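Chains as they are written, first to last, in our numbering: chain A, 94 to 208; chain B, 1040 to 1160. Ideal Cβ positions, reconstructed from N, Cα and C, are used throughout, including at glycine. Note that the structure is predicted; figures quoted are calculated from it, not measured. The structure appears right after this line, and notes come after that.
Okay, here's the thing in structure tokens:
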């Protein structure tokens, strides 16, 4: 059974700092991994989607890497800003058919960037 | 519109009433998901539709919950005889069908609506 863990659960950093959020999964047979951002009271916004054949994706100050063999993904945020404050979730897609559309979410990392 | 649309954005109802929540996915997306998020909690999977296949209802918490998807597009989540513990934000998401291309299997990006906040008094 696939399990997704995000560490840390919460993180507070000063503005301008580079930071890394971690996502680990127990079953390496995945077909994609997606990072989301959720602001309070809002839906989830897709940040980056990494297919199983890819190692990383970049968008602006964000870089997400994927290492299937070790069951890990990291989201790197460069030069953090107060506007980056939100909860960041990763979701792993694995298998075909079956339950939950084969999407398993982590519980998220709540990021606070202090001015 | 271009994104996933959900309505109503806010719903306040009395205990015991039935409610319907609507989700309009991105045009052409074959997969549709419903999730529930209670205050301060993670996402709880409810139900998944993929094309014309039978939906995966394994996440529905009780028989008071049901969902349908008409014509492979709009979906309605119905909660009968609402209880206070049903209070939450109900999120809908959609994605395109996976397909093969050079490099292997490519799967769709998941797009979420803004959610419907349900409060049961």
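What's the C-alpha gap between residue 1093 of chain B and residue 1085 of chain B? Distance between the alpha carbons of residue 1093 of chain B and residue 1085 of chain B is about 14 Å.
What number of angstroms, rounded off, separates the C-alpha of residue 1127 of chain B from the C-alpha of residue 137 of chain A? Roughly 15 Å separates the two Cα atoms.
Hey, quick one: how far does the beta strand (DSSP E) through residue 125 of chain A stretch, first residue to last? Unbroken beta strand (DSSP E) run through residue 125 of chain A: 123-131.
Contacting positions in the stretch 105-136 of chain A - beta carbon closer than 7 Å to chain B: Going along the stretch 105-136 of chain A in chain order, one finds 124, 125, 127, 135, 136 with a Cβ nearer than 7 Å to chain B.
Beta-carbon gap between residue 204 of chain A and residue 181 of chain A smaller than 8 Å: Between residue 204 of chain A and residue 181 of chain A, the C-beta spacing is below 8 Å.
The beta strand (DSSP E) spanning residue 99 of chain A covers which residue range? Taken as a continuous stretch (DSSP letters only), the beta strand (DSSP E) holding residue 99 of chain A covers 97-100.
With 9 Å as the C-beta to C-beta threshold (strictly closer), list the residues of the stretch 1108-1125 of chain B near chain A in chain order. Going along the stretch 1108-1125 of chain B in chain order, one finds no residue with a Cβ nearer than 9 Å to chain A.
Nearest candidate by alpha-carbon position, reference residue 1104 of chain B, set B:1117, B:1113, B:1112: Among B:1117, B:1113, B:1112, the Cα nearest to that of residue 1104 of chain B is on B:1117.
Would you say residue 1134 of chain B and residue 1070 of chain B are within 8 Å of each other, going by their C-beta atoms? Closer than 8 Å, so yes.
What is the DSSP secondary structure of residue 108 of chain A, counted as helix, strand or coil? In the structure shown, residue 108 of chain A sits in coil (DSSP, three-state: anything other than H, G, I, E or B).
Tell me, please, whether the CB atom of residue 1104 of chain B is closer than 8 Å to any CB atom in chain A? Residue 1104 of chain B does not count as touching chain A.
Can you tell me whether DSSP reads residue 1123 of chain B as helix, strand or coil? In the three-state DSSP reduction, residue 1123 of chain B falls in the helix class (H, G or I).
Residue span of the beta strand (DSSP E) that contains residue 150 of chain A, given as start and end: In the DSSP annotation of this structure, the continuous segment of the beta strand (DSSP E) that includes residue 150 of chain A starts and ends at 149-152.
Identify, in the order they occur along the chain, each residue of the same chain with its Cβ nearer than 6 Å to the Cβ of residue 124 of chain A, setting aside the five sequence neighbours on each side. 145, 186, listed in sequence order.
Examine chain A for any beta-carbon lying closer than 8 Å to the beta-carbon of residue 1067 of chain B, and answer yes or no. No, residue 1067 of chain B lies away from the interface with chain A (no Cβ there is under 8 Å from its Cβ).
Cross-chain neighbours of residue 139 of chain A in chain B, by beta carbon under 7 Å: What residue 139 of chain A touches in chain B: 1148, 1149, 1150.
Under three-state DSSP, which class holds residue 1146 of chain B? In the structure shown, residue 1146 of chain B sits in coil (DSSP, three-state: anything other than H, G, I, E or B).
Could you give the residue range of the beta strand (DSSP E) that holds residue 1091 of chain B? Premise fails: residue 1091 of chain B is in no beta strand (DSSP E) and is neither H nor E.
For a test of the three-state rule: what should DSSP assign to residue 1052 of chain B, helix, strand or coil? Strand.
Considering just the uninterrupted stretch of the beta strand (DSSP E) at residue 1159 of chain B, what are its terminal residues? Start and end: 1155-1159.
Could you check the C-alpha separation between residue 189 of chain A and residue 1090 of chain B for me, to the nearest Å? Note that residue 189 of chain A scores 49 on pLDDT, short of 50, meaning its location in the model is unreliable; the coordinates nonetheless yield the value given after this. Spanning the two alpha carbons is a distance of roughly 14 Å.
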